[in-house]
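Sequential numbering of the sequence shown, starting at 7, is according to our numbering.
From the three backbone atoms N, C-alpha and C, an ideal C-beta is built for every residue, glycine too.
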Amino acid sequence: MTDAPVSIPVTATGLEPAPEPASSSRAQNRKARKNAAKDPKRKITWDLVWAQRALLAMAVPLLLYQILFKYVPVYGWAIAFQDFKPARGSSPWPGPRSLWNQQWVGLENFHNLFTGVMGERFIRVVINTIGQSLLTLTVGTLGAIVLALLLNEVKNLPFKRVLQNITYMPHFLSWVIVASMASVALSLPSSGGFINQGLMSLHIVDQPVLFLTEPNYFWGIVAGTNLWKELGWNTIIYLAAITAIDPSLYESAEVDGAGRFRKMFSITLPSIRPTIVVLLIINSGWILSTNFELPYFLGNGLVSDRSETIDVFVLRYGYELGNYSLAIVAGIFKTIVAVILVGAANQAAKRLNQETLV
């Protein structure tokens, strides 16, 4: 009994290697596509710098502004480690006369802020700040995306421009004016409170609601007021991202029978997703820097447990009482948390294969 002959392919260079397993081939293909998707890194050379000299010159004023107003004042963080008294001593160093002739107390100011009676109050204002910021960010982002999608569907250009101008206008109002308008709108019907008047006309409530005296309503009031003021302005970037979408995608979708809503969810939203992700990463750094004016002007003793934010806390218990060290410690805390949040959000986006800042 003889074995069946085995045919071995022969090439000019000899025997062909055995074919690789299919799983290995698929893995290599995925790796090749991933490497091809990465943008090639360009080396920075003097020729490239000289070619971009106009753009670099335009960036110099902004860079100087950032250095002068963002980095130079960091030396004032030394106050956080002192029992700072403005009139104590003098110093030849630039800046406040008495900055370097203070009593150094180490981490005592940090301990006082985060522990004891002051610590309990500070934890509460941190929770208020995070709650107001997250609610404002969520409502504002969703509202801006929805408005941008709706404006993109308006085909009558003059009417579209009128709508855009109407939604942009509140952005240019002072927060003091906006707070006053919100206070009037939420007041009793006899004082011009049209919100209570509307609720009573629709038989939603039987008696006027004192919105500014109910703590549980305050976060919603802040988020709603921010939405009204900044809604139109926040749509600008999303509308710009939408205009960059290839029109042929919409034409192909129409040929396939897609309607407006299908094109929104299958073309528009996926195309502007990188813009949404980048803006969310940037805004994550402002979680502890919520709007100061609304909690300050609309807040009162009846709602202070829900209205007081870090900035209001720093003003009342730091600067107004002359406790500058406490104010600086709170500022350092906000900065460190902001850096951590931006880094974490950027890393999360990178792991989800989304657009990132770095």
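C-alpha gap between residue i and residue j, whole angstroms
| i | j | result |
| --- | --- | --- |
| Phe319 | Leu327 | 11 Å |
| Leu62 | Gly230 | 40 Å |
| Trp83 | Leu105 | 10 Å |
| Val168 | Tyr244 | 18 Å |
| Glu257 | Thr241 | 24 Å |
| Ile342 | Val335 | 11 Å |
| Gly112 | Phe87 | 5 Å |
| Ala354 | Gln360 | 9 Å |
| Leu363 | Ala154 | 23 Å |
| Gly198 | Thr173 | 23 Å |
| Ser207 | Ala191 | 15 Å |
| Ile158 | Ile248 | Here residue 158 is Asn; the residue named in the question, Ile, does not match the sequence. Rounded to whole angstroms, Asn158 to Ile248 spans 8 Å at the Cα level. |
| Pro195 | Gly204 | 9 Å |
| Asp252 | Ala350 | 32 Å |
| Ala250 | Val132 | 39 Å |
| Asp262 | Pro176 | 41 Å |
| Gly365 | Val55 | Here the chain has residues from 7 to 364 only, and residue 365 is not among them. |
| Trp239 | Pro280 | 19 Å |
| Ile338 | Tyr223 | 30 Å |
| Val80 | Met124 | 25 Å |
| Leu358 | Pro276 | 14 Å |
| Ser310 | Leu216 | 15 Å |
| Glu126 | Trp110 | 25 Å |
| Arg268 | Phe165 | 24 Å |
| Met64 | Ser193 | 49 Å |
| Lys49 | Leu69 | 22 Å |
| Ala93 | Phe200 | 51 Å |
| Val160 | Ala246 | 15 Å |
| Val66 | Ile73 | 10 Å |
| His117 | Arg130 | 16 Å |
| Asn329 | Tyr71 | 29 Å |
| Asn115 | Thr147 | 37 Å |
| Asn352 | Arg322 | 34 Å |
| Ala57 | Lys356 | 31 Å |
| Ile210 | Leu156 | 29 Å |
| Trp3 | Phe178 | Past the edges of the chain, shown from 7 to 364, lies residue 3, and the structure says nothing about it. |
Beta-carbon proximity of residue i to residue j, cut-off 9 Å
| i | j | result |
| --- | --- | --- |
| Asn297 | Asn232 | yes |
| Pro301 | Gln138 | yes |
| Thr144 | Leu294 | no |
| Gly149 | Leu237 | yes |
| Val348 | Ser290 | yes |
| Gly305 | Glu314 | yes |
| Glu260 | Val182 | no |
| Ser186 | Phe303 | yes |
| Ala333 | Trp292 | no |
Inter-residue CB distance, residue i and residue j (contact presumed, cutoff 8 Å)
| i | j | result |
| --- | --- | --- |
| Leu119 | Phe128 | 6 Å |
| Pro214 | Asn202 | 4 Å |
| Ile151 | Ile273 | Going by Cβ atoms, the distance from Ile151 to Ile273 rounds to 14 Å, so no, they are not a contact pair. |
| Val184 | Lys235 | 5 Å |
| Ser331 | Phe75 | Actually they are not in contact, since the Cβ atoms of Ser331 and Phe75 sit about 22 Å apart, beyond 8 Å. |
| Ser180 | Leu218 | Actually they do not touch by this definition, with Cβ atoms about 20 Å apart. |
Environment of residue i [buried if 16+ CB atoms lie within 10 Å]
| i | result |
| --- | --- |
| Pro98 | Here the model assigns Pro98 a pLDDT of 46, short of 50, so the residue's position is not dependable, and the following value carries that caveat. Pro98 comes out exposed. |
| Arg367 | In the structure as shown, the chain begins at 7 and stops at 364. Residue 367 is therefore absent and cannot be evaluated. |
| Trp225 | buried |
| Ser254 | exposed |
| Lys340 | buried |
| Asp4 | Nothing about residue 4 can be reported from this structure: the residues present for the chain run from 7 to 364 only. |
| Gln108 | buried |
| Thr142 | buried |
| Ile287 | buried |
| Ile85 | buried |
| Arg312 | buried |
| Ile346 | exposed |
| Gly265 | exposed |
| Trp278 | According to the sequence provided, residue 278 is Ile. The question's Trp does not apply to it. Buried is the call here. |
Alpha helix (DSSP H) segments (min. 4 residues) lying fully within the segment 268–293: 275–290
Threshold first: 4 residues or longer. Then list the alpha helix (DSSP H) segments lying entirely within the segment 295–348, N to C. 299–304, 310–313, 316–320
Threshold first: 3 residues or longer. Then list the beta strand (DSSP E) segments lying entirely within the segment 155–241, N to C. none
Continuous beta strand (DSSP E) assignments of at least 3 residues falling wholly in the segment 90–149: none
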